[in-house]
Structures are given as structure tokens and as C-alpha cells.
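Undergrad: What the sequence shown shows, in the working numbering, is residues 7 to 662, in sequence order.
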Amino acid sequence: MHLRSPRARTAAAAAAVFAVFLAIYARTMLPCVGGYGDSSKFQFVGEVRGLPHPTGFPLYLALNRAVSRVPAGSLAARVSAISAACGALTLAAISVLGSLLTGSVPAGLLSAAVLGTLPLFWSSALIPEVYTLNALMLSSAALFLAAWMKGGRRAALYLSWAFFCAGAGNHPSIAAFLPAFLAVAFSGKGGVSVRWRDLPPMAAIAAAGAAQYLLILAWSRGDTPYIEGRVDGVAGLIRHALGGGYTVNYFPVALRTILTTHVRLYASAMGSQFGPAGVALAALGAAWLALNNRRFLLFLAVLWAGQLFLSLPSVTVETPVYFVPSCVTASILAGCALPLVERAAGRRGARLAFACAIALLAARAARTGAHADLSRMRFYDAFTDEVLGALPPSSILLSPNYQWTEAYLYKLLGEGARRGDRIFILNNWGPAKVPAYRRGREIEFHLYRPAADPVPPLRVFFQAQSGRDPRLAQFRRYGEGLAPLVRHGCAELDRLRSGGKGRLVLVSAKDEGAPICSDAAFDLLLSLGLKPRSSGGLRWGWSSAAAVVVEDGSARGVVRNSFGRSSISLRKGEAVGGAGIPSPAEIEIESSPLGRGDRSRIRVNGRLASLGDRGVNVVMLDVATGAVEDARNYTCGDLSGMNDAAVYEIVPGGAR
Numbered sequence: 007m008h009l010r011s012p013r014a015r016t017a018a019a020a021a022a023v024f025a026v027f028l029a030i031y032a033r034t035m036l037p038c039v040g041g042y043g044d045s046s047k048f049q050f051v052g053e054v055r056g057l058p059h060p061t062g063f064p065l066y067l068a069l070n071r072a073v074s075r076v077p078a079g080s081l082a083a084r085v086s087a088i089s090a091a092c093g094a095l096t097l098a099a100i101s102v103l104g105s106l107l108t109g110s111v112p113a114g115l116l117s118a119a120v121l122g123t124l125p126l127f128w129s130s131a132l133i134p135e136v137y138t139l140n141a142l143m144l145s146s147a148a149l150f151l152a153a154w155m156k157g158g159r160r161a162a163l164y165l166s167w168a169f170f171c172a173g174a175g176n177h178p179s180i181a182a183f184l185p186a187f188l189a190v191a192f193s194g195k196g197g198v199s200v201r202w203r204d205l206p207p208m209a210a211i212a213a214a215g216a217a218q219y220l221l222i223l224a225w226s227r228g229d230t231p232y233i234e235g236r237v238d239g240v241a242g243l244i245r246h247a248l249g250g251g252y253t254v255n256y257f258p259v260a261l262r263t264i265l266t267t268h269v270r271l272y273a274s275a276m277g278s279q280f281g282p283a284g285v286a287l288a289a290l291g292a293a294w295l296a297l298n299n300r301r302f303l304l305f306l307a308v309l310w311a312g313q314l315f316l317s318l319p320s321v322t323v324e325t326p327v328y329f330v331p332s333c334v335t336a337s338i339l340a341g342c343a344l345p346l347v348e349r350a351a352g353r354r355g356a357r358l359a360f361a362c363a364i365a366l367l368a369a370r371a372a373r374t375g376a377h378a379d380l381s382r383m384r385f386y387d388a389f390t391d392e393v394l395g396a397l398p399p400s401s402i403l404l405s406p407n408y409q410w411t412e413a414y415l416y417k418l419l420g421e422g423a424r425r426g427d428r429i430f431i432l433n434n435w436g437p438a439k440v441p442a443y444r445r446g447r448e449i450e451f452h453l454y455r456p457a458a459d460p461v462p463p464l465r466v467f468f469q470a471q472s473g474r475d476p477r478l479a480q481f482r483r484y485g486e487g488l489a490p491l492v493r494h495g496c497a498e499l500d501r502l503r504s505g506g507k508g509r510l511v512l513v514s515a516k517d518e519g520a521p522i523c524s525d526a527a528f529d530l531l532l533s534l535g536l537k538p539r540s541s542g543g544l545r546w547g548w549s550s551a552a553a554v555v556v557e558d559g560s561a562r563g564v565v566r567n568s569f570g571r572s573s574i575s576l577r578k579g580e581a582v583g584g585a586g587i588p589s590p591a592e593i594e595i596e597s598s599p600l601g602r603g604d605r606s607r608i609r610v611n612g613r614l615a616s617l618g619d620r621g622v623n624v625v626m627l628d629v630a631t632g633a634v635e636d637a638r639n640y641t642c643g644d645l646s647g648m649n650d651a652a653v654y655e656i657v658p659g660g661a662r
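1. According to the Cβ coordinates, are phenylalanine 385 and asparagine 639 closer than 7 Å?
2. Counting only the same chain and skipping the five closest in sequence on each side, list residues whose C-beta sits under 6 Å from that of leucine 576.
3. Looking at the secondary structure, which residues open and close the beta strand (DSSP E) in which serine 177 lies?
4. For valine 200, collect the residues of the same chain with a Cβ closer than 6 Å to its Cβ; drop the 5 residues on either side in sequence, then sort them by chain order.
5. Can you tell me which of the three DSSP states alanine 247 falls into?
6. Which whole-angstrom value is the C-beta distance of cysteine 342 and leucine 295, which I expect to be below 8 Å?
7. Where does lysine 578 land, buried or exposed, given buried means 16+ other C-beta within 10 angstroms?
8. Please name the residue, chosen from Val308, Phe329, Phe305, that lies closest to serine 274 on a Cα-to-Cα basis.
9. Throw me the rounded Cβ distance for the aspartate 427 and valine 39 pair, which I believe falls under 8 Å.
10. Please classify alanine 19 as buried or exposed, where buried requires at least 16 neighbouring CB atoms within 10 angstroms.
11. Taking the straight line between their C-alpha atoms, what separation do you get for alanine 214 and cysteine 171?
12. For proline 282, which of helix, strand or coil comes out of DSSP?
13. From the DSSP output, in three-state form, read off isoleucine 449 for me.
14. Go to methionine 143, then tell me how far its alpha helix (DSSP H) extends in each direction, as first and last residue.
15. In angstroms with no decimal places, state the Cα-to-Cα distance between proline 456 and valine 393.
16. Check the C-beta distance from phenylalanine 150 over to leucine 97 and give it rounded, since I have them as a contact under 8 Å.
17. Taking only three categories from DSSP, how would you classify proline 125?
18. Give me the Cα-Cα distance between alanine 651 and phenylalanine 528, rounded to the nearest whole angstrom.
19. In the segment 588-653, which residue ranges form an unbroken alpha helix (DSSP H) of at least 4 residues, counting only runs that do not cross its ends?
20. For the beta strand (DSSP E) holding phenylalanine 430, just list the boundary residues, first then last.
21. In the DSSP output, which residue or residues are listed as bridge partners for histidine 494?
22. What's the C-alpha gap between lysine 156 and alanine 216?
23. In chain order, what are the residue ranges of uninterrupted beta strand (DSSP E) at least 3 long that sit wholly in the segment 291-334?
24. Is the beta carbon of leucine 397 sitting closer than 7 Å to the one on isoleucine 431?
25. Any chance the segment 133-142 sits against the segment 330-337, with 3 or more Cβ pairs inside 8 Å?
26. Between leucine 290 and the rest of its own chain, which residues show a CB-CB distance below 6 Å, the 5 nearest in sequence each way excluded?
27. Output the distance between the C-alpha atoms of glutamate 498 and methionine 383, rounded to the nearest integer angstrom.
28. Check for me: the alpha helix (DSSP H) holding serine 86 runs from which residue to which?
29. If you reduce the DSSP assignment to three classes, tell me which class arginine 465 lands in.
30. Please report the Cβ distance between leucine 36 and leucine 132, rounded to the nearest whole angstrom; I am assuming they are in contact, meaning their Cβ atoms lie under 8 Å.
31. Please report the straight-line C-alpha distance between phenylalanine 360 and alanine 14, rounded to a whole angstrom.
32. Comparing alpha-carbon positions, which option in Ile211, Pro206, Leu248 lies nearest alanine 181?
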């Protein structure tokens, strides 16, 4: 069928973009409980009408609640699908916006393809989070603003404003849209400008957007089993909507640190996402807009400035949501480069450039998909089922970190596991708390409290992330016995540990732009006997490099173990940490996270010994000769299935 109408071609292209990326994201999304950070929490809060941390995310909660009630598939998969669908819809909107700005359907397709294949955007579309819904609200507001600026239709203006006001109920980072909107809304010539008569309907739309937060107030007054900060009254609701106690995270560092360090990290992170070609396309797109649509270029410039203002203070925090909006803005610019190429090289040259760009993006998509794929990540699901099936009633389980706590709560609250039993899940309680509890002090249950106050639990259990979790030794120092209840071993980890016995093992680990991969890399390092310095995982942008000797399954001789950009150089004959052996070769280990080099490399005697430049590299050397005997590389997909964990009953000294 030949589509003669430009509008029909644009719509067909947007539909194709949506269908293709929805299929890709649905195929690679998280299918069950897991993820990182708040992912598991978002999988059950809609089902139980629970309240997450401020700002509360009422738009996402309402959508989450509606999807939770759909009787199809698992609850976890349904909620994960929200992010996949919003990601695909965002790309469809970007496709239409690019076509509208340039009059070229291929330009819109290029913008969508650039954004859709970015590792950060792709990974955000796979987990239950607010990130892609935020991108959808932003891109839709920008689309209708561009339509209003071009045609002057008031309906487009009101729709743009409505998407912004609705998005304000999802994540505060969309606030960057407001100054950009104001910069262009009153500067148009003729009829394309906001008039006094537009203010009343826009005020009504803003009031409707603010009214979303009444959902927080209503659910707070209900009988929810999960709540992070009860809201009392309008004043409390306003504080909650503005971030509550989390406002300290908006500007957590000094201005000098932002200007001297975070600007460079931000630029490097964006460069790592887009690459030299993507950066060049964005620059060319800005040049084309400067010649043809200065007003929309002004909008994008002010929007990006607002995004910088909001994201720079948090550039080293594990919140990629602040980077996704910048990626949206840069991708819009990238598509606008195509008309400039056509002007310089002719239509045939532009078609060739478009084909080459799509081919390069397809190749990147294949790499990104392999690393970001979470469809095999079923460890959290299986292990939580096994543990809850083994725990006796009247138990307290000390989980190793926040994401494990939320995974258990998903099972208990979202799926109704062990309904009626007194099982309590506490987050990351240190060993010092348990002896205090044994002496009769009351434990306060912060995260999960049944309707009735619990009787003191009779049996306490602790989950270790691996058999080498340092807190196991701490429990023993407090005189506690540890009786194993559930163990999970990973065959690949066993092979890795057994293969490293008596060898010099070199490890270089970095994140891959997805926090879930960083957490999995942390678990891997812990399982090898290393002790990364972050108590909560590598976090987004963290890395660790180490050189160890593995003997009888225990790590010795750690040379370096750090976060950020890390480099180790060992001269031949130099002592390997405290292992008591000389290095058998010239060794270089480099680990640089996203935004600071984005590489993971190991060289032995000047030659590259590691297999890949992503994820975690492991190289094993003969201690005597320095010969490379084995080399392995683990990507995000690999790491998601490589977990070691165990649950131990904590038995007071002398009780058994």
C-alpha cells in the first residue's frame, strides 16, 4: 500500500517504531521479581495500594494499580511491561516529533533509533520504574508544543501543557520543561503565542495535575500493609510531593564539586552513551535548527539547561532517571541532522548516510541487547520462593540489602505468600543488632509490620549474599552460631573458584550503564572473596579492580579494590599484595565506569589478555611463569544468573 499523505507516512512510521521496540523490550524485560533498588517494590505497591518513598509518584501508582488488576500473566511481568510499553511509546512520539520538525520521516526514524538503542534508555525500559513514563510525558509535551508552534492550534498547546502537568505527578525531573516552555510560549509572532484567554484553561489543567497527589493522601489513610512515610493533611502532602526527607539528595554536594567534577562526569557519561557519531549528529541537528527553527532550538537549549541543573548534582548517584531526559533531548537533535546532510550531499547522499546510521545502530542494538537482556534473571524469584518455603512461622529474616528486602516483600504482599504466618523481613540489619535483641531489647520493624504488633519472634535468620559475606564472621565474633537453612550455589562460580586455585587471578569489573549489572558484579566479586568498598553494591558508575591469589577457594593478596576510575600496575617481581609471592609478569588492570572511560581491560606483559571491554573480565595466570592459562568475560546477561546466596539460622551461643 502506497501512503501518499505525509501525515499517513508519519503515522505508519511511528506505529512501526512502537511495534518493533515494544517487541524488543518485551523480549528482554525482567519477567519476574528482581531488578535493583525500587524495582521489586514497584512490582507490588500498586497491588496492595502501598506508598513508596516521596515524591510518591501518583501517576505511576495509578497506572501501576490499573495494570496490577489485569488478570493476565504474573504480577511482576505485568508491572515490568509498563516500562516496556512507555519506552516504545516514547520512541513513537520522538519519531513523530522529528518528522514534524524536519518534514522528513527518515529524520524522525533516526531520532527514535538513536534513543531506543542507547544502553541507558534500553535498560530503563526493562525494569519496573518511573523512568520511561517520565520520558513519555516529556516527549509528548515537546511533540504537542512543536505542533502548536507550527500550526497555532490551541488544542495542541493545551495538550502540551497537560502532558507536562500529568508528568509532574510522576517524577520531579520533568520540571526542566517549565522554563523551556515559558521561554517560547510568549515569544511567538502573530497568533502562535500564549494569550490571556489561554490562562484560565491552563490553570484548570494545572489544578487537575496537582490533584493527582490526592491519591497519596487517600492511600495513606487506607489500611495499606506497606507505606514509606504516612501523609497527614495538606501541609504533609505538599512536603511529601516536594520530596520529603529526600530533598537533601537534590543538591548533595558543593557547587565547586559540581563545576569541577560533575560537569566532566556528565559530559563523559553522555559521550559514552552516544559515541562520537551520535555527538556529531546532535551537533549537526542543532546547526540545522539554528538555520530553520530557532524558536524550537531555544526550547531545547533551555530544556537541556534545566536538565543539567537537575542532573549535575546527582551525577554520581544511582539515579539514571536524571540522565534519560538529557538523552531524549539529544536524540531529538540527532534526527534533525539528516536534512543538513541532505542539503550538503544531496538526496542520494542523505539516503546513504541514513542507511549507514541505521546499520550502525542495528549493530549497537545487538550488542546492547545481549548485555541488557534481563529475561534470564530468575534467581531472585527462585531463591525467595525457596527461602519462604523453608522458614518456620514466627521468624525474622535479616536480608542483606534493600533490593533483597523488597523482593521478599513482593512475595509476601504482592503474591500473598505465607499469608497469615508471622514472618518478618528486615533490611540490612548488622550483626550488632542481634545480640542487642537477644538481651531483650525491642526490634522496631521499619519496613513491614502486620496489622497486629508482632510477638517477639522466636527464631532469627540471616541471608548472606555469598559464603564469603564478611558479616558471617562478625556474627561469629558476637558468639552466635550459624546453622545453614537454605544454600544456593552457582556452577559457573564454582568452576571459576576451583579454576583459580593456586593461580594469580586478575579481575576488572565495571558497570554497563545499568545499575542492575553493577549489583550483579558486586555479588560476583563478593563470591570470589573480594570485598568491594560499597556496602550497597557497586552502584551506578562504580567499578572495582583487583589482583588476587585464590588458594583453597579463599582470596588473598588483594592489590587494589576501589570505585571510580581504577588502575593497577604491577612490575615483574613486585609483591602481590600480602600474598607473599612476586608478580610473575608485567601486569596492568584498568577499570573505568560509564562516564569515566567505560572500559574493563587486563594486559599481561603489554599484551591484551582480557576478552572483552565490557562487564567483568577475569584472567588467570600461572604463578611461576606468568603464562595466561584462562580468560573469561561476563556480561550483564551472564551476571544476572550468577548468584551465590545462603540463609543461616542465628543460634545464640550455648543454645545448641
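Virtual Cβ for every residue (Gly too), placed ideally from N, Cα, C. This structure is a prediction, so every number in the text was calculated from the model and none was measured.
TA: Taking the definition as stated:
1. When the beta-carbon positions are compared, phenylalanine 385 and asparagine 639 stay at least 7 Å from each other.
2. Cβ within range, chain order: Ser589, Ile593.
3. For clarity, residue 177 is histidine in the given sequence; the question names serine instead. Annotation: histidine 177 is outside any beta strand (DSSP E) and is labelled neither H nor E by DSSP.
4. Excluding positions up to five away in sequence, the list reads Ala191, Phe192.
5. In the three-state DSSP reduction, alanine 247 falls in the helix class (H, G or I).
6. Rounded, the Cβ-Cβ distance is 6 Å, consistent with contact.
7. Residue burial annotation: lysine 578 is exposed, with fewer than 16 other C-beta atoms found within 10 angstroms of its C-beta.
8. Nearest to serine 274 by C-alpha distance, out of Val308, Phe329, Phe305, is Phe329.
9. For aspartate 427 against valine 39, the beta-carbon gap comes to about 19 Å, at or over 8 Å, which does not count as contact.
10. Answer is buried; the Cβ neighbour count reaches 16.
11. If you take the alpha carbons of alanine 214 and cysteine 171, they lie about 8 Å apart.
12. It is helical.
13. Residue confidence for isoleucine 449 is low, a pLDDT of 47 falling below 50, so the modelled location carries little weight; the figure read from the coordinates is stated next. Here isoleucine 449 sits in coil by DSSP.
14. Here the alpha helix (DSSP H) through methionine 143 covers 137-157.
15. Low confidence applies here, because proline 456 scores a pLDDT of 43, under 50, leaving its location unreliable and the question unanswered by this model.
16. Not a contact, Cβ separation roughly 17 Å.
17. Note: proline 125 maps to helix in three-state DSSP.
18. Within the model, the alpha-carbon separation for alanine 651 versus phenylalanine 528 is close to 13 Å.
19. List check, alpha helix (DSSP H) in window: 642-645.
20. 429-433 is the extent of the beta strand (DSSP E) around phenylalanine 430.
21. The secondary-structure analysis by DSSP pairs histidine 494 across a beta bridge with Ala651.
22. Whole-angstrom Cα-Cα distance: 29 Å.
23. Taken in chain order, the segment 291-334 contains no complete beta strand (DSSP E) segment of 3 residues or longer.
24. For leucine 397 and isoleucine 431, no; Cβs fall outside 7 Å.
25. The answer is yes - the segment 330-337 touches the segment 133-142, with three or more Cβ pairs under 8 Å.
26. The residues are Ala343, Leu346.
27. Whole-angstrom Cα-Cα distance: 15 Å.
28. Here the alpha helix (DSSP H) through serine 86 covers 81-108.
29. In the structure shown, arginine 465 falls within a strand segment according to DSSP collapsed to helix, strand and coil.
30. Taking 8 Å as the upper bound for CB-CB distance, leucine 36 and leucine 132 are in contact here, some 6 Å apart.
31. Per the coordinates, the alpha-carbon of phenylalanine 360 lies some 21 Å from the alpha-carbon of alanine 14.
32. Closest in alpha carbon position to alanine 181, among Ile211, Pro206, Leu248, is Leu248.
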